[in-house]
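Numbering (UniProt numbering), first residue to last: 1 to 269.
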């Protein structure tokens, strides 16, 4: 009976190894997050079968100290569990989509509202669309200013998930979908980025190309709102030039090609 059970476990190990080999292939590996999750589950089952087999082997005779590895593993496991609980709690929070804009350059602009949502220029959020994938969270930089009563993102269709999202909102069709038929979105964040500290230094130089100009849209809009205040002390100006390859970002500044905006602080010379 013992030999029969051991052979059964060994057969399971070989079967799991074969599945791991298939899931680790280049064709399957880069497809979806679900395949990666299945790969991890199979990996855990493989090790569980090995441990069950090892439990029936003769106990080696050696002397050693009391096990202490759990002390080093407990802390990260608790932090990871807390992070998952917080993400699940944020996943349950309602996100209201107030505006959807489809730009000719293949960029989808989403305006959203969420309870107790506070942001700073340059931060990003993680977005999940359960109707597309229940496991994938994708980061997107916020393009709205903290002074506005909503937060927005610009999503460029440049991959399977983003293309599916644009299609779900009707961006590829002649007209966008009605508000009641829009897919549900879950938002986690916002999270910090290097651009959030731009006003903490006497001199800051910000450079971006392509779709990477999105964090500067939020920064420039925040500067614009602060300049409109009656008691502002901002005096100096800088020039920001937008590439014609991304006309969707032109609406974020007064002029489509070159924008002169005041920059705070005396060190911005």
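Note that beta-carbon positions come from the ideal geometry of N, C-alpha and C, so glycine has one too.
- Of 81, 114, 144, 65, the smallest CA-CA separation from residue 221 is found for 144.
- Using a 10 angstroms sphere on the CB of residue 169, the tally of other CB atoms reaches 16 or more, which defines it as buried.
- A straight-line Cα-Cα distance of about 13 angstroms links residue 159 and residue 132.
- Judged by DSSP in its simplified three-state form, residue 195 adopts helix.
- If one requires a minimum length of 4 residues, the alpha helix (DSSP H) runs lying completely within the UniProt domain "FAD-binding FR-type" (87-197) are 160-168, in chain order.
- Note that the C-beta distance between residue 156 and residue 189 is not below 8 angstroms.
- Looking at the backbone, the Cα of residue 91 and that of residue 209 are separated by about 32 angstroms.
- Collapsing the DSSP output to three states places residue 228 in coil.
- Contact between residue 97 and residue 79 is ruled out by a C-beta separation of about 32 angstroms, above the 8 angstroms threshold.
- In the assembly as shown, residue 231 is an exposed residue. Its beta-carbon has fewer than 16 other beta-carbons within 10 Å.
- Taken atom to atom, the span from the alpha-carbon of residue 124 to that of residue 77 is near 25 angstroms.
- In this structure, the CA atom of residue 71 is about 28 angstroms from the CA atom of residue 89.
- Listed in chain order, the non-local C-beta contacts of residue 128 below 6 angstroms within the same chain comprise 137, 186, local neighbours out to five positions each way being set aside.
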